[in-house]
Every structure is written in C-alpha cells, then in structure tokens.
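Structure, as structure tokens:
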Amino acid sequence: MKRPLFPVLAAALLAASLSGCGDKEKPAAAAAPVDPSLVTVQADFLQRLKVSPVGEGEVTETLRVPARIEVDEQRVARIGATVTGRVTQIHAALGQRVTRGEQLATLHSTELSAAQLAYLKALSQAELQRRAVERAKLLFASDVIGAAELQRRESELSQAQAEMQASHDQLRVLGMSESATARLAATRTVHSLSSITATLDGTVIERKVTPGQVVQPADALFTVADLSHVWLVAEVPEQQAALVKKGEAAQAEVSALNGKRIAGRLIYVADIVNPDRRTVTVRMDVDNADRLLKPEMLASMLIQGAPQRRLLVPAAAVVREDNKDHVFVQLDGTRFQLRPVVLGQESNGHVPVQSGLKGGEPVVTEGAFHLNNERKRKELEG
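Heads up: take any position in the sequence shown, counting from 1, add 50, and you land on this note's numbering.
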C-alpha cells in the first residue's frame, strides 16, 4: 500500500527551511561608542604641539568685591542757619564750587535783632555802672560816701559786665563775628539779616532750601564736600575678611570709566561683621584731583591676598568649550584627552588649577587650539 504524498512533502519543506536558516550569517555586534573627548593624531601633527608636566608655583589670589564711590566724611560739611529766620536770598547753586567763608544764603531773623538789642542794652548798662563806680570813688575819696556804698556800686558794675558778656556770647552763638559785634557796638544800629556761610572749600552737592522758607538751626540746608579725595567702600564676605588689613595697597575698577583702574590704600577695616549681610566694611582712600570719580558710582575693589603654592598651567593651555575650561592631557604617544578643569584667576600668564589635574600630568601647553580643531573635525567625520 502506497504512503500518502502530502506528509512527505511537508516534511521536506520544513527541513529545507531549517537548513536555510542555519546558513544565514549572525548579525554583527553593535559598534562601541566613541569618546568625543579623545583625539589621536599623526606623528607630523605632534610637531605642532608642546607638552609639559603640570607644575607648582606661588600665586597671589585677587579678591574682587563690589564697591561704590562715597564722599570722604572727613571732607564734608552739612551747613545750616545759626538762627531761626526766613530765607530772603540764595547765593549758591547745586554743583557750585565755594570757598570757606563764602556766603551761601541770607535770611531775615527777628531772633537775631532781639539778641542785638539785648546786647546794646547790656552794653549801655555796663557803661552806666562803670561811670557810677568812677563817681563813687571820687566821693569816697572826699569822705562823702562810705565804703559800703562804693562796694554796692562796684557789685552792680560786675553784674552789668557779666550780663554784657552773656549777651556778647549769645551773638557769637547766633553767628555774628567779632568784627560784626564790634561794628554793632560802635554804630548802635540793629540789623536782622544773617548769613549762611561755607565752612570749608568744596562743591555744593546738596541744597535743601528755597527762598521764603522758614528755617531752624537744626536744619541742614547745604552740604558742601571736598571731592579732591573720595572713599571707595566695599563689603567683604566674612569668610575672606582675613585677606584685608588696614594700610594694605588695593586697586579698583570703575565700569563707568571704561574699566579704569585706580590705586589706593585701605584706610579702614571694620572691627565687626554686619549681621544682616555677613560682610566686613572696608574703605579705600582715592585721589580725585581730576574729579572723574563721582559719589555713588559703582566699582569693583581688587584686594590681593597672601601668596600660596598652587598647581599652575599656562594660560595658552586652556581651551574654552561649552562655557567651561578644559585642557588636553596626553595619554600616550599619539592620544590626547580633553579634560574639564576648574581654574582660578589668571596672573602673569599662568592660571592656578583648583581641580581636575594632578601634579606632573602631561598637558598640551602650545597648540591646544589647533588640537581642539582636529578633535572637532574627526568628531564630525565620525
């Protein structure tokens, strides 16, 4: 009896299918990822590079802190009236240069006229008592009056002179000079005008008075400052306060003057820490003969710290990539790796290394820019 044909054909097809699968090649393994920080160069390219080991050196770190220009408090005067009165005329404008004794404003004061009248009365009374004592001495010498009468008149003279002196001192308090008081005594003419005068040479930087205004002695009407010297004031963080000492040299950069650098010395370092800002206030005295520095200008104070031993790399070795600093480290004869590093502030062509490198590691000190371009080219080519 013959066997059925269909099962035989199905078995043959299955065997052929399995045999074909076995003949197919296995899929290739996935390619290993390429490190974009690595670059391999040819021998001729190596001649364009200079490699040196990372070494140590002394660096002086510069502390940069925000600062501002202020007037020298020892060269500023806040000037007001010496009497209560009404301002009748203003002679000084904002920004005007004035000299010591120059008239800034004039005011009318009934208080001043009353004090002058009291002085004239005391002066007349003292003169009257002086004459009475002179007559009493003549009468005493002629045995017309006794010693008690003479002593009474001398006592009255002393009291009148004391009252005159008190009135004279009151005029000085109200701003009258000795020459003006002497003129008052000679002319016996009372005047009610008082002058507000500058007490130092400088510039009027503030004016708080208008004509017709009633002012009091406690009011500060004008501020005059000598701007030939100014202060540069900064707030140093307390963690870095040990870097600043009184008398040390310092520098500052003023952005409003195209980054102009000015030099001076620290004249003040606060003895306490500001509890709100956790900073120490420092001041630098700056010569300002050309008047380029204006109060309230912003600046940066540069304070040099003590020299320290640090790892150093040449500034030419630094490659800026993705807003970070890198250097090329040589791995072997032809391979280099672009390594991120944390650097300090450049000084004299070298940069201190804060992290990312160890002493003695070979880094590319010349040609790093060209090596980085070669790395990018090979990265694009895949």
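Note that CB positions come from ideal geometry on N, CA and C, so glycine has one too.
Since the model is a prediction, treat every value here as computed from it, not as a measurement.
- For arginine 98, there is no enclosing beta strand (DSSP E), as DSSP gives it neither H nor E.
- According to DSSP, lysine 310 shares a beta bridge with Val304.
- For arginine 125, no alpha helix (DSSP H) encloses it, and the DSSP letter there is neither H nor E.
- Relative to the Cα of valine 377, the nearest Cα in the group Ala349, Lys408, Glu123 and Arg327 belongs to Lys408.
- In this structure, arginine 147 places its C-beta atom within 8 Å of the C-beta atom of threonine 253.
- Alanine 212 is positioned such that its CB atom lies no closer than 8 Å to that of leucine 282.
- Residues Val414, Glu416, Gly417 and Leu421 of the same chain have their beta carbon placed closer than 7 Å to that of leucine 99, with the five preceding and five following residues left out of the count.
- Between the segment 279-298 and the segment 111-124 there are three or more inter-stretch CB-CB distances shorter than 8 Å, so the stretches are counted as touching.
- Valine 330 is classed as buried because its beta carbon has at least 16 other beta carbons within 10 Å across all chains shown.
- Residue pairing by DSSP places proline 261 opposite no residue, since no beta bridge is assigned to it.
- According to DSSP, arginine 147 shares a beta bridge with Thr253.
- Annotation for arginine 359: the continuous beta strand (DSSP E) segment containing it runs 358-364.
- Annotation for glutamine 211: no beta strand (DSSP E) segment contains it, though the alpha helix (DSSP H) segment containing it runs 197-223.
- For threonine 273, the enclosing beta strand (DSSP E) has its first and last residue at 272-275.
- The beta-carbon separation of threonine 273 and arginine 128, rounded to 5 Å, stays under the 8 Å limit for a contact.
- Rounded to whole angstroms, alanine 235 and serine 163 show a C-alpha spacing of 13 Å.
- Partner residues in the beta bridge of glutamine 387, as assigned by DSSP, are Leu88 and Val379.
- In the DSSP annotation of this structure, the continuous segment of the beta strand (DSSP E) that includes histidine 158 starts and ends at 153-158.
- Residue range 279-287 is occupied by the beta strand (DSSP E) that includes histidine 279, with no alpha helix (DSSP H) assigned at that position.
- C-alpha of valine 265 to C-alpha of leucine 173: approximately 29 Å in a straight line.
- Taking C-alpha positions only, phenylalanine 190 is separated from leucine 200 by approximately 7 Å.
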